[in-house]
Structure formats: C-alpha cells, structure tokens
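Engineer:
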Amino acid sequence: MELRPMEQFEVKPMIEQPLFHVGHYPIYFTNQSLLMILVVLAASLFLTLAMSKRLMVPSRAQSMAELSYEFVANMINSATGEDGLVFFPFVFTLFFFVLFCNLFGMIPGSFTVTSQIAVTFALAAVVIITVIVTGFAKHGIGFLMLFVPKAPWYIVWLLVIIEFISFLTRPISLSVRLFANMLAGHTMLVVFGGFVVMLGGAAIYLKPLALAPLALIVAIMLLELLVAFLQAYVFAILTCIYLNEALHLHDHH
Amino acid sequence: MPDPQDLHGLGERLDEAQRKRAVRTKRPPPTQLGIASRFATELVAALLVGGAIGWGLDWLFGYFGIHTKPVLLILFVVLGAAAGILGVMRAAGEINAGIAGNGPAPPVRKDEEN
C-alpha cells in the first residue's frame, strides 16, 4: 500500500471553473474556502442560537456560550487590564475561528484550514497590524520606545537591533506554531492509520499486531483534541500579550 | 420601598457570589505541551528572521556594489539567536507572572476583595 500522509493537506478546487480572475490568476472555490465558510457559519449559529432565549437560568448551550465569553473576557482582563477590553470582539472572533477550524479538522475526511501556513500567517499578520496601528494611535511616535530598553548607552544600540528582530519574530512564531502543530498531528494520524492497514493486510500471524497502532491512534486523537483547544488558546493569549505591549509599552510588566 | 438595610445585605451577598464565581472561572494551568511548543517556535522563528534580515541586507549591499556577502548573514543569525533567547525569557516570565497561566487574580479584582 502506498502511504501518502501529505495528501490530506492538498488544496483542491471544488468547482471546475474559476470563480473570477485577479489579473491572470484564476481564483477557485476550494475545499479550503468551503471549510472556512462552514466554520464561520457553525460558530455564528452556535453562539446566536445558544444565546437566543436569554434565559435567567441558562440552558446547557447558553452556559457554554456564557462560559466562553467569560473565559475570553478574563483572559483579556488578566493580560492587558481593563482598557484592553475594547479588543474583546477581535480576540473572541480570532479565538473562535481558530478553535472551530481546529475542531472541524478533527472530523475524519474533512480538511484542516489551520494546517495551511497561508491562513495562519494571514491571521498573524492581522494581529500584528492591529498591534502596530494601536501602538501608534495611542502613543504616536513614542511607540518606537518599545524597541529601546533601559540600558547603558554603549549597549543600547545592540539591544535595539535585538528587540527589533524579536518584534519581527512575532508574526512568524505565531503563525508557524499553529500551522506546525496542526500539520504534525494530522500527519501522525495518517501515518499510524497506514500502519494499521499495512499490518492488517500482512501475514496471518502479524495481523494482531495491527491493534497496537490502532490503540495509538485513539490516544493521538485525544491528544489532537487537546492541541486543538490549546493552540486556539495560545493564539488568543499571545494576541492579548502583544496588544498589552502596544497599549502600555513596557511599563506594565 | 425596600428597607436600606436589606439592600446592604443584598450588596454583600452579591459580592460573595461574584467572588465565588471568580474562583470558578479560573483559567486552566499552562500544560507542558503548550510551554514546549511556545519556547521551540520562539527560538526557531527568531533565528530564521535574523538570518533572513542578514541575507537581505547582504543582497542589498551587493546590489549596490558593496561586497559584504557572508558577514551580515553571520552577524544577524547570531543576533537572531539572541532575540530568540530574549523571546524565551519573556515567555518564561509571562508564564511565571501568571499572565499566560493559572496565576494570581487580575488586578481589577483586588479592590473587590479588600
């Protein structure tokens, strides 16, 4: 049997004809576009339906929505203080989009949107641009003091370069972490799945051995569910931490 | 017209309820997995960014006829490594301070508790 663990990450057009052209580049409706639309629909439907009744004593769905509201609000509050709460809609949307993308990717046969570096980097770029715009809007040119730590003059110029590189690192590390985690987990699932099929098709005395990778897949599935939550959380909390620096420079630490 | 004494009692009971709620909605502790993935990407990304800047500057100077070819690349990879270690130290500081983890309650709650 031929094992192709990377096949699941292929972006394929769902409709033969391109939707429209940008310059000479055809724009297709791909499996990725479909999953993104489903994710946005599912997240919006879940939250609006769960909150539609506005019960005093919340139903199960409503308390899930309320808990996730409180979870994100607490996260922003502890990382940035109260003035960061203006970014609540932004962080909440990011958190839910990433979480639902990760969870939809866990459905067998579907497609993981967050395993595409293009998607995660676009998200990270939005975060960093928000941070830069907020910083300049709040502090004007003084935002550049973010790159100047307190140090004697003979070392400061070196630290400025290092701080600058460290700032440029943020969108890269933010996007690569999410992308690499999803890519690695889903590749691992397919590889171990291939082991089950190969051992199952082997000589009769080898067949029982197929149970070992099968058990492992169950464990990895659980681990991947944890990673799906964890990476959405890490993405959101780092957004908050970066926004905090834009709002308060270094004085808040 | 309710008795003001009753309202005072109500305020206290509300405070009590809010405090209980605050304890219940504490965030989960940072898992080993989250910390590991954070530190690793921080280091690698800083190295890559440093290398990219050095390579780009080398290319830029070469374009204008100044041959610095490997020097800036080497310099900026070292600076990138420094930036990576800075990033890891910051991440560790954030986890210690409880910003990214299950730390002390946020500052807003302090006046409520006093």
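Quick mapping for you: the protein sequence lines, in order, are chains A and B.
According to this note's numbering, the first sequence is numbered sequentially starting from 1.
According to this note's numbering, the second sequence is numbered sequentially starting from 1001.
For each residue, glycine too, the CB sits at the ideal point set by N, CA and C.
Please read all numbers here as calculations on a predicted model, not as lab measurements.
Report the partner residues of W27/A according to the DSSP bridge assignment.
Structural biologist: Note that residue 27/A corresponds to Ile in the displayed sequence, not to Trp. I27/A pairs with F20/A.
Engineer: In three-state DSSP terms, what is P5/A?
Structural biologist: Of the three classes helix, strand and coil, the one that applies to P5/A here is coil, per DSSP.
Engineer: By the 9 Å beta-carbon criterion, what residues does the segment 1007-1018 of chain B contribute toward chain A?
Structural biologist: Within the segment 1007-1018 of chain B, no residue qualifies.
Engineer: DSSP three-state label for P149/A, please.
Structural biologist: Coil, per DSSP.
Engineer: Give me, in chain order, the residues of the same chain whose beta-carbon lies closer than 7 Å to that of P1107/B; leave out the 5 immediate sequence neighbours on both sides.
Structural biologist: Its pLDDT being 44, under 50, P1107/B is placed unreliably in this model, and the value from its coordinates should be taken loosely. Same-chain partners within the cutoff: there are none.
Engineer: How would you call P171/A, buried or exposed, if buried means at least 16 neighbouring beta carbons within 10 angstroms?
Structural biologist: P171/A is buried by the Cβ-count criterion.
Engineer: Quick test of the definition: if touching needs 3 or more C-beta pairs under 8 Å, does the segment 32-44 of chain A touch the segment 188-205 of chain A?
Structural biologist: With the cut-off at 8 Å, the segment 32-44 of chain A and the segment 188-205 of chain A do not touch.
Engineer: Which of the three DSSP states, helix, strand or coil, is assigned to P275/A?
Structural biologist: As shown, chain A starts at 1 and ends at 253. That puts residue 275/A outside it, with no answer to give.
Engineer: Do V1071/B and S173/A have their C-beta atoms closer together than 9 Å?
Structural biologist: No. Outside cutoff.
Engineer: Residues in the segment 37-69 of chain A with C-beta within 8 Å of chain B's C-beta atoms, listed in sequence order?
Structural biologist: So the close ones are L67.
Engineer: Hey, which unbroken runs of the alpha helix (DSSP H) at 4 residues or more fall wholly within the segment 1018-1082 of chain B?
Structural biologist: Qualifying alpha helix (DSSP H) stretches, in chain order: 1032-1063.
Engineer: Taking a cut of 7 Å between CB atoms, which residues from the segment 158-176 of chain A lie near chain B?
Structural biologist: Going along the segment 158-176 of chain A in chain order, one finds I161, I162, I165, S166, L168, T169, I172, S173, V176 with a Cβ nearer than 7 Å to chain B.
Engineer: In the DSSP assignment, the alpha helix (DSSP H) including K138/A goes from what residue to what residue?
Structural biologist: K138/A -> alpha helix (DSSP H) spans 117-139.
Engineer: Could you check if R1024/B is buried or exposed, using at least 16 other CB atoms within 10 Å of its CB as the buried criterion?
Structural biologist: Its pLDDT being 49, under 50, R1024/B is placed unreliably by the model, and nothing is read from it.
Engineer: Could you tell me whether the Cβ of N102/A comes closer than 9 Å to any Cβ of chain B?
Structural biologist: Judged by the 9 Å Cβ criterion, N102/A is not in contact with chain B.
Engineer: Please confirm if I1066/B has its CB atom under 9 Å from at least one CB of chain A.
Structural biologist: By this cut-off, I1066/B is not an interface position.
Engineer: Could you work out which residue in T130/A, I241/A, F235/A, A246/A is closest to S78/A when comparing CA atoms only?
Structural biologist: Selected option, being the one with the closest Cα: I241/A.
Engineer: For L53/A, which three-state DSSP category applies?
Structural biologist: Per the sequence shown, residue 53/A should be read as Lys rather than Leu. Looking at K53/A - three-state DSSP - the assignment turns out to be coil, as it is neither helix nor strand.
Engineer: Could you name the residues of the segment 1047-1060 of chain B whose beta carbon sits closer than 7 Å to any beta carbon of chain A, in the order they occur along the chain?
Structural biologist: Within the segment 1047-1060 of chain B, the residues whose Cβ lies closer than 7 Å to some Cβ of chain A are L1048, V1049, G1050, I1053, listed in chain order.
Engineer: State the Cα-Cα distance for the pair A279/A and F143/A, rounded to the nearest angstrom.
Structural biologist: Missing from the structure shown is residue 279/A; chain A here goes from 1 to 253 and no further.
Engineer: Cβ of L1079/B less than 9 Å from any chain A Cβ?
Structural biologist: Yes, because at least one Cβ of chain A sits closer than 9 Å to the Cβ of L1079/B.
Engineer: A212/A: buried (16+ other C-beta within 10 angstroms of its C-beta) or exposed?
Structural biologist: Under this definition A212/A is an exposed residue.
Engineer: Assign I220/A to buried or exposed, taking buried as 16 or more other Cβ atoms, counted over all protein chains shown, within 10 Å of its Cβ.
Structural biologist: Buried, by the Cβ-count rule.
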